[in-house]
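Participant:
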Amino acid sequence: MFKISGIVLVRKIIFTGAFALSLVTVFSSFILSPTPSDYQTQQEKWADSLLATMSLDEKVGQLFMVATYSNRTEKYYQQVENNIATYHIGGIIFFQGGPYRQAKLTNRYQQISRIPLMIGIDAEWGLGMRLDSAIDFPKQITLGAIQDNSYVEKFGQEIGRQCKRLGIHINFAPSIDVNTNPDNPIINYRSFGESQINVAEKGLAYVRGMKKYNILGSAKHFPGHGDTDQDSHRTLPVVNHTLQRLNEVELYPFRRLIADSVATVMTGHLYVPALEPRGNTPTSISERIVTEMIKNQMGFKGLTVTDALNMRGITQGLQPGEPEFLAFMAGNDVLLQTGNLPAAFKKIKQAVETGQISEQILNARVKKILKAKYWAGLSNYKPIELPGLGRDLNSKKSIDLKAELFEQAVTIVRNQDNLLPFIHLDTTTFASVAISSEYENEFQKSLSQYASFKHFTVPFKPSSDKDVAWVLDEAAKYKVVVVSVHGMNSKGERNYGVSPATVDFINQLSQRTNVVVCAFGNPYGLKLYGASRNLVCGYEDDPISHKVVPQVLFGALPAKGRLPVSVDNDLKVGNGILTPKLGRVSFGNAESVGMNSQKLDEIEQVVQQGIDNRAFPGCQVLVARQGKVVYNRSFGTLRYGVYEPVNDQTLYDIASMTKVTATLQGVMMLNERGEIDMNEKISNYLPEMKGSNKENMLISDILMHQAGLVAFVPFWEKTKIGNTLRNDYYSFAYDSLSPNLQVATNLYIRPGIRDSVWHWVIQSKLLNIYDRLGGYRFTYSDLGLMILQKLVERVTNQPIDEFLEQNLYEPLGMSATLFNPLQRFPKNSIAPTENEAVFRASQIQGTVHDPNAALIGGVSGHAGLFSNATDLVKLFQMNLQNGFYGGRNFLFPETVRHFARNYTQKSHRGLGWDKPGSKDSPIVGSTASDNTFGHSGFTGTVVWVDPDRELIFIFLSNRVYPISTNNKINTLKIRKRIHEIVNEAIITQ
0 MFKISGIVLV RKIIFTGAFA LSLVTVFSSF ILSPTPSDYQ TQQEKWADSL
50 LATMSLDEKV GQLFMVATYS NRTEKYYQQV ENNIATYHIG GIIFFQGGPY
100 RQAKLTNRYQ QISRIPLMIG IDAEWGLGMR LDSAIDFPKQ ITLGAIQDNS
150 YVEKFGQEIG RQCKRLGIHI NFAPSIDVNT NPDNPIINYR SFGESQINVA
200 EKGLAYVRGM KKYNILGSAK HFPGHGDTDQ DSHRTLPVVN HTLQRLNEVE
250 LYPFRRLIAD SVATVMTGHL YVPALEPRGN TPTSISERIV TEMIKNQMGF
300 KGLTVTDALN MRGITQGLQP GEPEFLAFMA GNDVLLQTGN LPAAFKKIKQ
350 AVETGQISEQ ILNARVKKIL KAKYWAGLSN YKPIELPGLG RDLNSKKSID
400 LKAELFEQAV TIVRNQDNLL PFIHLDTTTF ASVAISSEYE NEFQKSLSQY
450 ASFKHFTVPF KPSSDKDVAW VLDEAAKYKV VVVSVHGMNS KGERNYGVSP
500 ATVDFINQLS QRTNVVVCAF GNPYGLKLYG ASRNLVCGYE DDPISHKVVP
550 QVLFGALPAK GRLPVSVDND LKVGNGILTP KLGRVSFGNA ESVGMNSQKL
600 DEIEQVVQQG IDNRAFPGCQ VLVARQGKVV YNRSFGTLRY GVYEPVNDQT
650 LYDIASMTKV TATLQGVMML NERGEIDMNE KISNYLPEMK GSNKENMLIS
700 DILMHQAGLV AFVPFWEKTK IGNTLRNDYY SFAYDSLSPN LQVATNLYIR
750 PGIRDSVWHW VIQSKLLNIY DRLGGYRFTY SDLGLMILQK LVERVTNQPI
800 DEFLEQNLYE PLGMSATLFN PLQRFPKNSI APTENEAVFR ASQIQGTVHD
850 PNAALIGGVS GHAGLFSNAT DLVKLFQMNL QNGFYGGRNF LFPETVRHFA
900 RNYTQKSHRG LGWDKPGSKD SPIVGSTASD NTFGHSGFTG TVVWVDPDRE
950 LIFIFLSNRV YPISTNNKIN TLKIRKRIHE IVNEAIITQ
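The sequence shown begins at 0 in numbering that gives the first Met the number 0 and counts up one residue at a time.
#1: Using the Cα positions of phenylalanine 429 and serine 483, report the straight-line distance between them to the nearest angstrom.
#2: Quick check on DSSP: helix, strand or coil for serine 132?
#3: For serine 763, I'd like the list of residues in its chain whose CB is within less than 7 Å of its CB, leaving aside the five on either flank, ordered along the chain.
#4: Indicate whether the contact test is met: 3 or more Cβ pairs, each with one atom in the segment 597-604 and one in the segment 626-633, closer than 8 Å.
#5: Could I get the ranges of all uninterrupted beta strand (DSSP E) runs contained in the segment 824-900, with 3 residues as the minimum, in chain order?
#6: Using only the alpha-carbon positions, how far apart do glycine 882 and phenylalanine 889 sit?
#7: Pick from Asn722, Thr970, Thr85: whose alpha carbon is nearest that of arginine 613?
#8: So which of Gln61, Gly609, Gly125 has the shortest CA-CA distance to leucine 334?
#9: Within 8 Å, do at least three Cβ pairs link the segment 830-843 to the segment 891-910?
#10: Leaving out the 5 sequence neighbours to the left and right, which residues in its chain are closer than 6 Å to isoleucine 185 when beta-carbon positions are compared?
#11: Return the chain-ordered list of same chain residues with a C-beta closer than 7 Å to the C-beta of tyrosine 150, the five sequence neighbours on each side being excluded.
#12: Looking at C-alpha atoms only, which residue of Leu400, Ile953, Leu269 is the closest neighbour of aspartate 135?
#13: In its own chain, which residues sit with a C-beta less than 7 Å from the C-beta of proline 946, not counting the 5 before and 5 after it?
#14: Per DSSP, what are the beta-bridge partners of phenylalanine 954 in this structure?
#15: For threonine 227, which of helix, strand or coil comes out of DSSP?
#16: Within its chain, find whatever has a CB closer than 8 Å to the CB of serine 737; leave out the 5 residues flanking it on each side and keep chain order.
#17: Use the C-beta contact count for threonine 15: other C-beta atoms within 10 angstroms, 16 or more gives buried, fewer gives exposed.
#18: If you draw a straight line from the alpha carbon of threonine 24 to that of glutamine 336, how long is it in whole angstroms?
#19: Measuring alpha carbon to alpha carbon, tell me which of His224, Ile158, Phe154, Glu157 ends up nearest proline 181.
#20: Between lysine 972 and the rest of its own chain, which residues show a CB-CB distance below 8 Å, the 5 nearest in sequence each way excluded?
#21: What separation, rounded to the nearest whole angstrom, lies between the Cα atoms of alanine 984 and valine 756?
#22: State the DSSP-derived secondary structure class of tyrosine 651, mapped to helix, strand or coil.
#23: I'd like to confirm the pairing. Which residues does DSSP put opposite glutamine 607 in its beta bridges?
#24: DSSP three-state label for phenylalanine 327, please.
#25: Using only the alpha-carbon positions, how far apart do glycine 496 and glycine 486 sit?
#26: Smallest Cα separation from asparagine 533: which of Glu200, Ser682, Val480?
#27: To the nearest angstrom, how far is it from the Cα of leucine 55 to the Cα of lysine 345?
#28: I think tyrosine 373 touches glutamine 42, with their Cβ atoms under 8 Å apart; what is that distance to the nearest whole Å?
#29: Leaving out five residues before and five after tryptophan 715 in sequence, what residues of the same chain have Cβ atoms less than 6 Å from its Cβ?
#30: List in chain order: all unbroken alpha helix (DSSP H) runs of 4+ residues lying wholly within the segment 245-288.
#31: Got a sec? Which residues, its chain only, sit under 7 Å from aspartate 540 by beta carbon, not counting five neighbours each side?
#32: May I ask you to report which of helix, strand or coil DSSP gives lysine 680?
#33: Going straight from the alpha carbon of proline 750 to that of isoleucine 799, what length do you get?
#34: Rounding to the nearest angstrom, what Cα-Cα distance links tyrosine 86 and proline 341 in this structure?
#35: Mapping the DSSP letters down to three states, classify glycine 192 as helix, strand or coil.
#36: What does a CB cutoff of less than 8 Å around alanine 17 pick up in its chain, not counting 5 residues either side in sequence?
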């Protein structure tokens, strides 16, 4: 040993080379003030004044933080109170229990302690690590995959906020052990990984975040528990590395955090011969390490805290009270989780009384503890407020942050077939197999938000090939199969919770089709899938991770994560394939795109007013901004008086929204291809219109509803005689051999009706209402879109539903947008519309409400489309993104802007698109921008796309149930008011 400036050093090598640290005095860990000198004066004054009043018993008691629980009996709680009163303990560390119970006990315990208690918790991944009814954030190994450490700091800040709210002052986190041993039984997923630099950076960010709420952090477990294959809870692990190796790897994060003024350093129960030559001497009781190394050499000014003193790594071979005594003598300031409080208290007190411990040293240690309490706010102690505690701890902000952390962490490990992210949805058939997961799990639900999937679920761990043989044969029929593995663990000796039959199944399936394996578990377990060509790590079997991974697979989110550990010779730390966003909608929180989620919550009140007033029985409301769905709620039921809840898969008849969701999309596509000219006469494409009163109509005038067409003609009346349907048109029974078209339940019509209706459209009268210049006035007309349907079909030589399915809906992944939904979906998944008495004389459900669209078999240019909000947002996001979506260009960049512009003084409309007009309109918010475009539907639907705000608002309801004359949705201005809330939710800078 030798000295530098009076400081005793153990080995010079620790402070040489690139890792040298300044030995100048650093600021106290417990100083956080814009005026440090004033702060320190007040801190010193408070600590000194309190210390001067303390008895020896009180001083000795301050050294101890005792473990306690909030899920025990009243007898147990009284014993804790007795320990506080008898031994004057300095603090308690809470373990299992619940937030509300813990808060009540904290208030109770604080009340009986003369000196405020330091309340601690070991909450590495949040309060949910210890408490029920609290959030589990991602484990540290998951955070280790994140490349942007600002997210880890946000995580630390949120942990700090929650601790502050629950009256906690110190969180014994983070673990900055560098986990270089995959077989480590106790650290493993609790580490940020195997890179000492990554561990240090993440640890710094975590602690800095907590500091913002004056929560003390703890760098643990000094000098590093990452390369052990034993658990110090059960025995004394040995870290048998050289000084050079320790200096370069294990000690690096500790030096970094100490230099950044971490509040506490926790000493581990580890035997490290290179640092402590005395055989089998744990670090936690080594004066050579605790005092000479941590405090003197490394210049640490904060609190040194032992790991739990009831662990066998320290108690083996020692009598009760000896571990605490030896830990104090080694230089530890706080004695954590004593195994025998009476014996430990007695032994240390006697040592002071006999002079074995000087009272000067005791006073110095106690004063450090008191200064830490001052920094944590205990000089101005206030009881925890119980009302609203659960809401505050489990805030939406917390849940949103958890999702953001997983978004940043998900790692594409292999992409050898270049499958990811998925682009060509229309030429790919998808299946998924979820192993060891429940039916209707979040992962498979989220996959279905992007493409049509055939889902298979194996709700157990397969033990033989027979368990999954049926799935193997069926899944192999699909071009791409996404296999998700659930129920994994961190135990390598147990194959990480994955059965050999699962691995065999994946390997066999991979020989027959393209397989993407998504492992929701410890990254070390990725070695099981060495033969998998396409591999994704979701890190944890958490519902939020289940929602995030599909977004990465489909390019709604970029893949940003990198492996925090090496898995094998092929998969090394830092590996990770970064992929771009493809312009598909993602799902996340409002604040991330500059919106106020609390403002959006006001939507529910408006919707509920509509439901209570029977304006509609239920609805879907979706809000997306900057490509992210931030509000997607379903309300009410399919019908009144029956418990059939609306969900995000419920299909609605979108009525005249069909005009822009179907027909206009086809027109725009054909126009930019040069196959349709907006300034041409319609008769140039449909020669049968020559010689009719529509011969000279311009396509652009039809789109702007100023071509002279009447609003509506009840063509179905021509198929009746009086109140009776004509037998030469209709049939009342389904015949699988007949090409008859379905009109309603148990009502079919001969396909020749389409030609008849087209003839009637051509022969229909024109308006006799003109404007002052002699042209036709604006008159909103269904007939114009029926004409444009025929135009699209004539040019493409395809029925419009087939053309759109092949060229738009399938490539966009819109598997729930279609005409005649009963061909693919069960009736109970479709919202009913009118109980119509005049034409079809039945309750309409699953067939189109509009009578003319129903008359021609449910496929029309003006009505007939069914969808849900989750599916529709894909199409309108593509329009908002000027034709780009999912890595493909569906339209030229200028096309949508061209059609959404107003070109006429006769109305406020664009080419096909509706736009904001009168401020009193019941369907559009008065705050809508001039560039907003969209459309409404008779059944109680609307969509508005605002390019200026990068905003989409979709509202779907069945307000026509059970009768179409119900106009309360407009008198209450439901859609307008919600649209205004959506606009007001945008946070202005």
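By construction, the Cβ of each residue, glycine as well, lies at the ideal position given by its N, Cα and C atoms.
Note that this is a predicted model, so its numbers are computed, not measured.
Facilitator: In terms of the structure at hand:
#1: Here residue 429 refers to the residue found at position 430 of the sequence shown. Here residue 483 refers to the residue found at position 484 of the sequence shown. If you take the alpha carbons of phenylalanine 429 and serine 483, they lie about 14 Å apart.
#2: For the purposes of this step, residue 132 is taken as residue 133 along the sequence shown, with counting starting at 1. Note: serine 132 maps to coil in three-state DSSP.
#3: Working through the sequence shown from its first residue, we reach residue 763 at position 764. Around serine 763, the same chain offers Val709, Val712, Leu782 as residues with beta carbons nearer than 7 Å, after the five sequence neighbours per side are excluded.
#4: The answer is yes - the segment 626-633 touches the segment 597-604, with three or more Cβ pairs under 8 Å.
#5: Those beta strand (DSSP E) runs which fall completely within the segment 824-900 and span 3+ residues are 864-866.
#6: Position 883 of the sequence shown holds residue 882. Position 890 of the sequence shown holds residue 889. Glycine 882 and phenylalanine 889 have their C-alpha atoms roughly 5 Å apart.
#7: What you label residue 613 is simply residue 614 of the sequence shown in a count that begins at 1. Taking only the C-alpha atoms, the option nearest arginine 613 is Thr970.
#8: Taking the sequence shown and counting its residues from 1, the one referred to as residue 334 is at position 335. Residue Gln61 is the option with its Cα nearest to leucine 334.
#9: Output reads no: the segment 830-843 does not touch the segment 891-910.
#10: The residue given as residue 185 occupies position 186 in the sequence shown. Here the set comprises Asp230.
#11: Residue 150 sits at position 151 when you count from the first residue of the sequence shown. The residues Glu403, Leu404, Gln407, in chain order, have a CB closer than 7 Å to that of tyrosine 150 in the same chain once the five nearest residues on each side in sequence are set aside.
#12: The residue labelled residue 135 in the question sits at position 136 within the sequence shown. Here the closest residue by C-alpha is Leu400.
#13: As a first step, residue 946 must be located in the sequence shown, where it is residue number 947. The residues are Leu879, Asn930.
#14: Counting from one through the sequence shown, the residue named residue 954 turns up at place 955. Paired residue(s): Val620, Val941.
#15: For the purposes of this step, residue 227 is taken as the residue at position 228 of the sequence shown. Coil, per DSSP.
#16: Here residue 737 refers to the residue found at position 738 when the sequence shown is read from its first residue. Excluding sequence neighbours, serine 737 sits near Ser730, Tyr747.
#17: If you number the sequence shown from 1, residue 15 lands on position 16. Any reading at threonine 15 must be qualified, since the residue scores a pLDDT of 33, below 50, and its modelled position is unreliable; no value is offered.
#18: Taking the sequence shown and counting its residues from 1, the one referred to as residue 24 is at position 25. Taking the sequence shown and counting its residues from 1, the one referred to as residue 336 is at position 337. Bear in mind that the predicted position of threonine 24 carries a pLDDT of just 32, short of 50, making it too unreliable to give a figure here.
#19: Here residue 181 is taken as the residue at index 182 of the sequence shown, counted from 1. Distance from the Cα of proline 181 is smallest, within the candidate group His224, Ile158, Phe154, Glu157, for His224.
#20: As a working mapping, residue 972 is identified with position 973 in the sequence shown. Cβ within range, chain order: Pro921.
#21: Here residue 984 is taken as the residue at index 985 of the sequence shown, counted from 1. Here residue 756 is taken as the residue at index 757 of the sequence shown, counted from 1. Distance between the alpha carbons of alanine 984 and valine 756: 46 Å.
#22: Position 652 of the sequence shown, counting from 1, holds the residue named residue 651. The answer is strand: DSSP assigns tyrosine 651 an E or B state.
#23: Counting from one through the sequence shown, the residue named residue 607 turns up at place 608. In DSSP, glutamine 607 forms no bridge with anything.
#24: By 1-based counting over the sequence shown, the position of residue 327 is 328. In the displayed model, phenylalanine 327 falls within a helix according to three-state DSSP.
#25: In the sequence shown, residue 496 corresponds to position 497, counting from 1. In the sequence shown, residue 486 corresponds to position 487, counting from 1. Separation of glycine 496 and glycine 486 (C-alpha to C-alpha, rounded to the nearest whole angstrom) is 6 Å.
#26: In the sequence shown, counting from the first residue as 1, residue 533 sits at position 534. For asparagine 533, the closest of Glu200, Ser682, Val480 by C-alpha to C-alpha distance is Val480.
#27: Within the sequence shown, the letter at position 56 stands for residue 55. Within the sequence shown, the letter at position 346 stands for residue 345. Going from the Cα of leucine 55 to the Cα of lysine 345 covers about 11 Å.
#28: The residue you call residue 373 lines up with position 374 of the sequence shown. The residue you call residue 42 lines up with position 43 of the sequence shown. So it is a contact: roughly 5 Å between Cβ atoms.
#29: As a first step, residue 715 is located in the sequence shown; it is residue number 716 there, counting from the start. Closer than 6 Å at the Cβ level, and outside the excluded window around tryptophan 715, lie Phe838, Pro850, Leu854.
#30: DSSP runs (the alpha helix (DSSP H)) wholly in the segment 245-288: 251-258.
#31: Translated into the one-based positions of the sequence shown, residue 540 becomes position 541. The residues are His485, Gly486, Met487, Phe519, Gly520.
#32: Stepping through the sequence shown from its first residue, residue 680 is reached at position 681. Assigned with DSSP and collapsed to three states, lysine 680 falls in strand.
#33: Reading the sequence shown from its first residue, position 751 is the one you call residue 750. Reading the sequence shown from its first residue, position 800 is the one you call residue 799. Rounded to the nearest angstrom, the two C-alpha atoms are 16 Å apart.
#34: Position 87 of the sequence shown, counted from the first residue, corresponds to residue 86. Position 342 of the sequence shown, counted from the first residue, corresponds to residue 341. If I take the Cα positions, the gap works out to 8 Å.
#35: Here residue 192 corresponds to residue number 193 of the sequence shown, with the count starting at 1. Coil at glycine 192, not helix or strand.
#36: Residue 17 sits at position 18 when you count from the first residue of the sequence shown. Confidence at alanine 17 is low in this model, with a pLDDT of 34, below 50, so its placement is unreliable and no value can be given for it.
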